[in-house]
Amino acid sequence: MSSPAIKTSATDKSPLVLESVVKRFGGVTAVNGVSLVAAPGEVVGVIGPNGSGKSTLFSLAAGGQPADEGRIWLDGVDVTGQPTWRIARSGIGRTFQIPSLFDNMSVRENLLAAAVEGDWKGAPGRAKEVAEMLQITPVINNLASELSGGQQKLLEFGRVCMRDPKVILLDEVTAGVHPNIRRIILEAIRRLRETGITFLIIEHDMEMVSEICDRLIVMNMGEVVAEGTFEEIASNAEVQQAYLGRQP
Amino acid sequence: MDLFLQTIVNGVLIGGILICLTIGFQLTFGVLHVIDFAVGGWVMLGGYAAYWLVALAGIDPFISIFFVFVLFALIGRAVGPLIYHVRTSRYARPDLMALAFTFGLFLLMRGGALWLWSYNSRNVESIFSGEFLTLGPVTIPLLRLSAFLMAIVISLGVFLLLYRTRFGMAVRAVAQNRDHAGLMGVNVKRVSAYVYGLYTGITASAGVLIATIYSVNPSVGVRYTLFAFFVAVLAGLGSVGGVLIAGLALGLMESVVSTYIGTRYSLLVVFGVLFLVLLVAPKGVLGRGI
Amino acid sequence: MASNPGQVRGYLIRFAAVAVGLLALAVVPAFIDPYSLRIVTGALMWAGLACAWNIVGGYAGYISFGHSAFFGIGAYTTAILMQPGIGMPFLATLLPSVVFAMIVAAIIGGPTMRLRGAYFAIATWAFAEMLIQLATVLDITGGTSGLSLPAYLNEFFFYYTMLAAAAASFLGVWYLIEYTRFGFRLKALRDHEPAAEAMGIRTNLVKVQAFALSAAITALFGSVFAYWTTYIDPQSVLGPDITDQMVVMVLLGGLGTIWGPALGAVVLWMTNRYIWSTFGDTVVYLPILGLIIAMVVLFLPNGLISLIVGRRRGRELISRILRKF
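Residue numbers (the working numbering), protein chains in the order written: chain A, 1 to 248; chain B, 249 to 538; chain C, 539 to 863.
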């Protein structure tokens, strides 16, 4: 791996740096020494077969789980081992694969709740903006549990936006949604990256990945097996093997 | 030194009964995944059953205990399915509902006893009452010794049932993994009902023994619910084997506190220790709890 | 937080409803006899207690079987401070009582709330029982003989005090839950704890805050109760009967709703008083209480309020809360 000196200069500029993070669950090593440096405004796609450790990686980066080994820097600050809420307040937001909305609150309240630890005064205005950007204003007073699947994904995304994070982790945010909704999300990602927000997205939808990602990271069995642009990855033999089990 | 030996002996004797008391409770938790708040209630009712059998028919509790066991096993066998139903129902949160249900059951028992029989303590006389055995410096009330032996016999019986019979194997299978046991042909619902009946039978029997030593009134339920919780948590919820050590531990602790600090403080210490154990080691001292 | 005419209208309606309700309650003493007044005073107290328990049980999602501990702490603090040697006036004892309860809650809340559902229930239960024992052996609490308070036999005073306490509790809780950051944090924590943490919410802190708030309100009522009944002992203010009723009232009324606890409290209290006047004693009330819990669990787990608000909403609400258990 790179020497510490290089790491330091990288951590200064990068909003998110992971260095050789490892996570084990009993006998299974879900993430095995993954390193990553993301640039401001970059959209990094994380792809790989199911069970390759992508979601766990997100969990480590966002502080949902403590890493067994390795370090994590957010905006140049070492946040390894900090509690979830503190890491969250450091400017990272994530969506969950399984719906994690506040079911008994309305859409508006969900958005407001997301800002509860930030700019509370400006929250109502911000909520209005976010709702407009994601085109969920029509249902803004509905209970979160009453939304369609696609609208729920939009709301999840919206909640993350409420806090003005510098890094957003999207975990299969377009899985199973209507193409219209996918379009809205893509537009939103484009708008936000203009403002310098970094995205890491886990996706299985290759079309979306090719459209929006600046580069890709391919994971298999907890390790990074390839990195590069979409074109580079598409023709990479190891990647093909990972996905299709084909011998090179 | 003599006092110390006496204290130890007292503690062990009581410990045996506490083991008997908690075995069934652990089984119920392991199989039905229910913390039965009414455990003390079964103890109390068992005690009252023994009382009435002495008062009305003159039957010695050490004989009527068998009848009490059968009676309460039947009652439990009837109530069990209801608890199983609540615990496995699809709406809301089943384990909370089951806890609330057994809580209601306990209220029903305590209130019912208070209403029917008032708050007076009833003594349960036995032929062993008032007799003593002297072994060197230690005086052992024959009553307590007999109760201890009976408790051990019952506990052994349970162990034999669990480890030497097919039914016992089914019980252990369900306790380990309910779904798999079901897939292998075990009728989980029926086993659960029988286990609950077994539990109420054993616990009521323990109640008989306790009543002979301490007398019985509607409030004893609280005390023995606490003791059962204590032993169960210390052993690790669901662990039947751990009860052997935890039961003795509680008996000894209670005895030591009563003798050296004062009986008024024994409950305080027990509750205090339980509270601390829950904070520090909720899965039991051996960590085998669920 | 209002942002459109519909919402403003909603506020006005709610405000009007509350004002009318308070006004109605305020003039009640003019129309009923002293005996009935005592009953209504009792109903107000239980409504307040149910509201307090609901904060921890319904909103934070922790089923406490030891809330009588705080009721007793409030009662004993007031009683002790009003003893001849110290002789504080009643109203002055309220602040120390509430503060003391909050401190105790803050201390035991942290570690205890790390426990999962049933363990938490047992731990709180053990704590309350521990306090009974403590009250029995300490001199300052009068041991088993309990404590007497200076007699003040003014039913109007106690009615209005209870009313003030109940109104403050309900309105305070309502405001906190619906309109403050704390309320949002609490509801978020209840609905989906991991997501709440991912929003930067310190869930453990919020839980302890909710616990302390609940303890404070409970202690307040304990204090008023002590002065009202002029005599307390360990069983009467720390006993399981207090907790039992609080739990049943909330379950009966509707867990995790603002007004469910009040409904459950009134219904149950009236049942209690009815039994007392019909059968001459309240002993039969206990088994009936047990039966009610059993029936609620079996047939109406979302409480009476679900019959009013609608089954589905109530059921989903309860499921969410209880999933945390």
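Even glycine gets a Cβ: it sits at the ideal position worked out from N, Cα and C. On a predicted model such as this, the values are computed, not experimentally measured, just so you know.
Check: Segments assigned beta strand (DSSP E), at least 3 residues, entirely inside the region 168–204 of chain A; Outcome: 198–202
Check: For A:Gly70, the first and last residue of its enclosing beta strand (DSSP E); Outcome: Glu69 to Leu74
Check: Option in C:Glu693, C:Leu842, C:Arg652 and C:Ala590 with minimal Cα separation from C:Thr767; Outcome: C:Glu693
Check: Candidates C:Tyr717, C:Leu701 and C:Gly738, of which the one nearest C:Val565 by Cα; Outcome: C:Leu701
Check: Proximity test, Cβ basis, 9 Å: C:Phe863 and chain A; Outcome: Legend: pLDDT at C:Phe863 = 36, less than 50; position of this residue unreliable, value from coordinates given subsequently. Judged by the 9 Å Cβ criterion, C:Phe863 is not in contact with chain A.
Check: Alpha helix (DSSP H) segment containing B:Glu557, residue limits; Outcome: For chain B, the structure presents residues 249 to 538; residue 557 of chain B sits outside this window and is missing.
Check: Beta-carbon proximity of A:Ile168 to A:Thr174, cut-off 9 Å; Outcome: no
Check: Minimum Cβ-Cβ distance from B:Phe519 to chain C less than 9 Å; Outcome: yes
Check: Spatial distance of A:Gln65 from C:Gly648 (CA atoms); Outcome: 21 Å
Check: C-beta contact flag for A:Ile185 and A:Val177 at 9 Å; Outcome: yes
Check: Chain C contact for B:Leu363 (CB, 9 Å cutoff); Outcome: According to the sequence shown, residue 363 of chain B is Trp rather than Leu. So yes, B:Trp363 belongs to the interface.
Check: 9 Å Cβ cutoff, A:Leu112 in contact with chain C; Outcome: yes
Check: Ordered list of beta strand (DSSP E) runs contained in the region 6–45 of chain A, each at least 3 residues; Outcome: 16–25 and 28–38
Check: Coil, strand or helix - A:Leu147 by DSSP; Outcome: coil
Check: Interface partners of C:Ala832 on chain B, CB under 8 Å; Outcome: Phe349, Gly352, Leu353 and Leu356
Check: 9 Å Cβ cutoff, C:Pro649 in contact with chain A; Outcome: no
Check: C-beta atoms of A:Leu112 and A:Leu74 nearer than 9 Å; Outcome: no
Check: is_contact[A:Pro15, chain C] using C-beta, thresh 9 Å; Outcome: no
Check: A:Pro4 burial status per 10 Å Cβ neighbour count (16 or more: buried); Outcome: Per-residue confidence for A:Pro4 stands at a pLDDT of 40, beneath the threshold of 50, marking its modelled position as unreliable; the derived number appears in the next sentence. Exposed, because fewer than 16 other Cβ atoms sit within 10 Å of the Cβ of A:Pro4.
Check: Where the beta strand (DSSP E) containing B:Thr382 begins and where it ends; Outcome: Phe380 to Leu383
Check: Assigned exposure category for B:Phe273 - 16 Cβ within 10 Å defines buried; Outcome: buried
Check: Below-9 Å beta-carbon distance, B:Val470 vs any chain C residue; Outcome: yes
Check: Closer than 9 Å to chain A by CB, C:Ile739; Outcome: yes
Check: Pair within 9 Å by beta-carbon distance, C:Ile611 and C:Gly710; Outcome: no
Check: Touching by the beta-carbon criterion (3+ pairs, under 8 Å), the region 482–495 of chain B and the region 263–279 of chain B; Outcome: yes
Check: Integer Cβ distance of A:Arg94 from A:Asp171, believed to fall under 8 Å; Outcome: 7 Å
Check: Span of the beta strand (DSSP E), counted from its first residue to its last, around B:Thr387; Outcome: Val386 to Pro389
Check: B:His428 classed as buried or exposed, judged by whether at least 16 other C-beta atoms fall within 10 angstroms; Outcome: exposed
Check: Bounding residues of the beta strand (DSSP E) (the contiguous stretch that carries A:Leu216); Outcome: Arg215 to Asn220
Check: Cut-off 7 Å between Cβ atoms - residues of its own chain near C:Met787, not counting five sequence neighbours on either side; Outcome: Trp584, Ala588, Pro799, Gly802, Ala803 and Leu806
Check: Test: B:Met345 CB closer than 9 Å to a CB of chain C; Outcome: yes
Check: Residue burial classification, B:Val528 (beta-carbon count within 10 angstroms, cutoff 16); Outcome: exposed
Check: Chain A within 9 Å of C:Ala733, Cβ atoms only; Outcome: yes
Check: Coil, strand or helix - B:Ala395 by DSSP; Outcome: helix
Check: Of the listed residues C:Pro622, C:Val636, C:Arg547 and C:Gly599, nearest to C:Ala607 (C-alpha basis); Outcome: C:Val636
Check: B:Leu498 and B:Val518 closer than 9 Å at C-beta; Outcome: yes
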